[in-house]
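K.L.:
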Amino acid sequence: MSYSSSDDDVPLARPNGNVSAAKVTASMDKALDRSVPKSSGDNILVRNNSDAMDIDGISNNKRKSRTSITKMSYKDDSDSDVAPLAKRRKHKTVVDSDDEDDMPLGSLAKKKASIEKSAAKEAQAIRAKDAKKKATPRKSIKDESDDDAPLAKTSGSKRKSNGVTPKRKSNGVKKEESDSDVPISKKAKAVTPAKKGKSTSANDTKKGVKEEEAEEEEYEWWNAPKPEDDSIKWQTLEHNGVLFAPAYEPLPSHVKLKYDGQDVTLPLEAEEVATFWVAMMTPASSHHLDNPTFRQNFFNDFAEIIKKNGGAKNTAGDKVAIKSLDKCDFGKMYDHWLAKTEAKKNKNLSKAEKEAAKTEKDKLEAPYITCLWDGRKQKVGNFRVEPPSLFRGRGEHPKTGRVKTRVWPEQITINVGKNAKVPEPPKGHKWKAVQHDQKATWLAMWQENINGAYKYVMLGAASDVKGQSDFKKFEKARELKKHIGKIRRDYTKELKSEIMADRQRATAMYLIDKLALRAGNEKDTENEADTVGCCSLKYEHITLEPPNKVTFDFLGKDSIRYNETATVDAQVFKNLKLFKKPPKSDGDDLFDRLTTSQLNKHLNSYMQGLTAKVFRTYNASFTMSRLLRDLEKDPRSKGSIAEKVKLYNDCNREVAILCNHKRSVGAGHEQQMQKLGDRIKGLRYQQWRTKMMMLDIDPSQKKKKGAAYFQIDEEIDKEWILAHQQFLVEEQRTKITKKFEKENEKRKSEKEKALPEKELKERLIAAKDLETKFKKENKTNKVEAEGRGPTVEKLAAAVEKFDDRVKVLETQAEDRDGNKEVALGTSKINYIDPRLTVVFSKKFDVPIEKFFSKTLRDKFRWAIKSVEDADDWEF
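If you want the working numbering, it's the 1-based position in the sequence shown plus 10.
1) With a cut-off of 8 Å, do at least 3 Cβ pairs link the segment 573 to 586 to the segment 627 to 644?
2) For Pro556 and Asp596, what's the separation of their Cα atoms in angstroms?
3) Out of Arg773, Asp239, Gly716 and Ala764, point me to the one whose CA is closest to Gln742's CA.
4) Identify whether Leu267 lies in helix, strand or coil by the three-state DSSP scheme.
5) Does DSSP put Trp383 in a helix, in a strand, or in coil?
6) Just curious, the alpha helix (DSSP H) that Leu730 is in, first and last residue?
7) If you reduce the DSSP assignment to three classes, tell me which class Leu253 lands in.
8) So, does the segment 699 to 713 touch the segment 865 to 873, judging by three or more C-beta pairs under 8 Å?
9) From Thr285 to His407, what does the alpha carbon distance come to, in whole angstroms?
10) Is it true that the CB of Val809 sits closer than 8 Å to the CB of Ile707?
11) For Lys783, which of Leu738, Leu765 and Glu820 has the nearest alpha-carbon?
12) Tell me the rounded alpha-carbon separation between Tyr466 and Trp452.
13) So what does DSSP say about Phe564, is it helix, strand or coil?
14) What residue range does the alpha helix (DSSP H) around Lys350 cover?
15) Less than 8 Å between C-beta atoms, sequence neighbours within five positions excluded: which residues of the same chain meet that for Ser360?
16) Does the segment 331 to 351 come close enough to the segment 296 to 313 that 3 or more CB-CB pairs lie under 8 Å?
17) Gln445 bridges to which residues according to DSSP?
18) Have a look at Phe401, Glu375, Ala795 and Asp239 and flag the residue whose alpha-carbon is nearest the alpha-carbon of Gly303.
19) With DSSP run on the structure shown, which of helix, strand or coil describes Leu805?
20) Give me, in chain order, the residues of the same chain whose beta-carbon lies closer than 6 Å to that of Ile651; leave out the 5 immediate sequence neighbours on both sides.
21) Pick out whichever of Trp383, Ser295 and Thr275 has its Cα sitting closest to the Cα of Asn316.
22) Determine the DSSP secondary structure at Gln306, reduced to helix, strand or coil.
23) Counting pairs of Cβ atoms below 8 Å between the segment 658 to 665 and the segment 637 to 645, do you hit three or more?
24) In terms of residues, what are the limits of the beta strand (DSSP E) holding Ala718?
25) The alpha helix (DSSP H) with Val624 in it runs from where to where?
26) Check the DSSP bridge columns for Arg867 and list the partner residues they point to.
27) Among the candidates Lys860, Val832 and Lys323, whose CA atom is the shortest distance from the CA of Leu886?
28) Sort Asn429, Asp474 and Ala807 by Cα distance to Thr246 and report the nearest one.
29) Tell me whether the beta-carbon of Pro398 lies closer than 8 Å to the beta-carbon of Asn28.
30) How close, in whole Å, do the beta carbons of Cys338 and Tyr269 come, if the pair is a contact with beta carbons under 8 Å?
31) Do Asn585 and Leu505 have their C-beta atoms closer together than 8 Å?
32) At the level of alpha carbons, what is the spacing between Ile497 and Gly619?
33) Does the distance from the CB of Ala554 to the CB of Phe583 come in under 8 Å?
34) Quick one: what's Arg394 bridged to in DSSP?
35) Decide if Asn791 is buried, meaning its Cβ has at least 16 other Cβ atoms within 10 Å, or exposed.
36) Taking Gly321 as the reference, give the member of Ser615, Glu281, Arg845 and Gly530 with the closest Cα.
Given below as structure tokens:
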């Protein structure tokens, strides 16, 4: 039936299309019971063999409004429940913050609040009507053996223990981070040098600055007392604004666009847009140019800009109407652009020239790299204003190909301290507005033209503010542990509620909690990619298979396909069947009486600040914690560093699968695996040569060790050996030549005479000798012993070392192949509490550098420092 408001007083969350009845009657329940076979169900998630869809283009991050911005009104751009940005990829856009404190003013929040209030009143009215059918008092439900565990089970099984848990050690990290293999537990703790008096010499001054910087680095905000008013983010704020994209450089007069076979001169504004298309003609991006939507959107904007700025003209000065993209030939423009791009790569520049270019770049960026936040220097995350280009979007975005216009100072709002100097805008320009909002953590803000999204200049990932944000996020997830039992008992009971809105909310909570689905939100599908989350699932996104299997197939965040089959609780299966009850059909909402804001408001009643998003962080960290705890009993945890890293990655992979962090197999994956395979073969070949050298010294070794010991690996055939020998010869030639050129480059910079070509020819004789040696070995099948004073014992030890090196490469190859369709970075950076990684590195003596790059070590300095002496820390 089609629902109308006359049926009862409950308003619909999304009153479009066919919707569910407001109440679930006893007869409806009985009918469903008869149609659904009973099954206990273990709630297991089964991965389907589906390829992840490509992610392409720049993210379209949006922000909700905030009321702290005064005298300004911006369009509200609330987005779906999205995960924090991964470093899955580098973004050229300005980083957006996850804190709602920083969002610009809008009216949608009031509208949502009104809807929620109305919905609550109406639901209360229904409950009042059904007061006679009061539910029995809630009984205390006995907690399961592991009440905190997410229901989506991981594939790893418990392993038998045959070892003792290694002794936990300290986790000191050197101030100057190195990429050595020294375990973090063995590193010396950084010691802050004592302050000294004023220095008179230049060296003493530099030393004093270094000491001051070191002291700043050692500020441990996580141990500092919490401020009374957490909403005030800063007391003083000073910065130099933003660095604008360089002005467009016009093309040389002979480089023209050809239209219908004739050269045409474009207005400068249109010529710049044409270069955006040209920049997409590279092999990595050209697939966009075949997209009909991309082509149409680009040409619409391109033609409009040409028309708006005076039109295109031919060589005779007559106007030319640009009516078809197919008649546009960008060939000459592409050739010019490619040559210019190659020149910018500094491939042919000397070391001195490269250093000079870098110095110039650093000088330009220097004023914007840091800001003064409450008197302390903090790095700014992205101080560059995004340059104009073509919008690509993710997935099948309807606006892909549109022109992202240049951002001017008149569009930018600056946030700075009240008594601080306002940054100077470029000459001849002025800022849109200047404000002094102490509740905001952004330094500058503007609105882009494609989706009306707000872009922010925020502090860097390694800043105190970002660290505090991460810390709060993971602490909130840890706090959920205290409430998860009650939340699960309540929504389990409400799965049978007579009120449809409550039953839908309980079912959504089950899916979000147990299957780690994102909450989702309503979108403007005409202007955004058609991606959904739990609350915005539609009729066609789930397929039911009795007794209790559910297949989900939809586009999630970033247009990544979620295609999984889960065995769910029998009551959940029954509810999903009810939510799909006719006359519902394709296009109708599954949870038509629920919105994300209503769900989050309900969750907040259990715990302040709890949203559906917190469940993903909690379940990811809890799962990782359990998996890492199980590793203590795994004998492989006592293996090499490479084996331990693989064990960690295996755990991380299970979390990434739980959170659906997929990626398409990279174009170069097979080539990378081939290279690894060749490196392993190369080591095996060198090992065989070493064994043959043993026979050269002592032929009796063949009898002592057996003929099998001296057999070459069966995968290495004669053809491969010849190719590999040629590779080794060429490799040696290249090394000799590069070293020679580097020496001459150094001599040139020091104004010394260059080495003659004769010197290079003499050095290359070594490569020729190697080639001759290989030819002799192939002919005689004997290898002469090499090195200083070779002995059988030394060579035998070298053979064993080759085994160790091969084992490391084989472990890396297995790990890399296992990660080809899973993005480990997103879960490790944004969903797994970094303190779990630090504790693992300490417990198993693995250098923290194996898990966190220098950038991540700066970002998670708080995590490394806060648990370095806490051997018993648990999530």
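Note that the Cβ used here is the ideal one computed from N, Cα and C, for glycine as well. This structure is a prediction, so every number in the text was calculated from the model and none was measured.
P.N.:
Working from what's here:
1) Taking 8 Å as the limit for Cβ pairs, the verdict is that the segment 627 to 644 does not touch the segment 573 to 586.
2) Taking the straight line from one Cα to the other gives about 20 Å.
3) Considering only alpha carbons, the answer is Arg773.
4) Strand at Leu267.
5) Three-state DSSP puts Trp383 in a strand.
6) Correcting the residue identity first, residue 730 is Trp in this sequence and not Leu. Segment Lys728 to Ser759, the alpha helix (DSSP H) holding Trp730.
7) Three-state result, Leu253: strand.
8) They do not touch, by the three-pair rule.
9) Near 22 Å, if we compare the C-alpha coordinates of His407 and Thr285.
10) No; because the gap between Cβ atoms is not below 8 Å, this pair is not in contact.
11) Comparing Cα positions, the closest option is Leu738.
12) Approximately 6 Å between the Cα atoms of the pair.
13) Note: Phe564 maps to strand in three-state DSSP.
14) For Lys350, the enclosing alpha helix (DSSP H) covers residues Gly341 to Lys354.
15) Non-local C-beta neighbours of Ser360 in its own chain, meaning closer than 8 Å and more than five positions away in sequence, comprise Glu755, Lys758 and Ser759, ordered along the chain.
16) Contact holds between the segment 296 to 313 and the segment 331 to 351, because three or more Cβ pairs, one in each stretch, are under 8 Å apart.
17) DSSP lists Asn425 as partners of Gln445.
18) Sequence inspection shows Thr at residue 303; the Gly mentioned does not correspond to that position. Residue Phe401 is the option with its Cα nearest to Thr303.
19) Three-state result, Leu805: helix.
20) Here the set comprises Val856.
21) Residue 316 is actually Ile in this sequence, not Asn. With respect to the C-alpha of Ile316, the residue from Trp383, Ser295 and Thr275 having the closest C-alpha is Thr275.
22) In this structure, Gln306 counts as helix in the three-state DSSP scheme.
23) Output reads yes: the segment 637 to 645 touches the segment 658 to 665.
24) Boundaries cannot be given for Ala718, as no beta strand (DSSP E) includes it and DSSP labels it neither H nor E.
25) Run containing Val624: Ala622 to Asp640, per the alpha helix (DSSP H) assignment.
26) Looking at the DSSP assignment, Arg867 forms no beta bridge with any residue, so it has no partner.
27) As shown, the chain starts at 11 and ends at 885. That puts residue 886 outside it, with no answer to give.
28) Nearest C-alpha to Thr246: Asn429.
29) No; because the gap between Cβ atoms is not below 8 Å, this pair is not in contact.
30) Between Tyr269 and Cys338 the Cβ distance is about 6 Å, and since that is below 8 Å, they are a contact.
31) For Asn585 and Leu505, yes; Cβs fall inside 8 Å.
32) If I take the Cα positions, the gap works out to 15 Å.
33) Inspection of the sequence shows that residue 554 is occupied by Leu rather than by Ala. Their beta carbons are under 8 Å apart, which means Leu554 touches Phe583 by this criterion.
34) DSSP lists Leu253 as partners of Arg394.
35) The residue is exposed, with fewer than 16 neighbouring Cβ atoms inside 10 Å.
36) Here the closest residue by C-alpha is Glu281.
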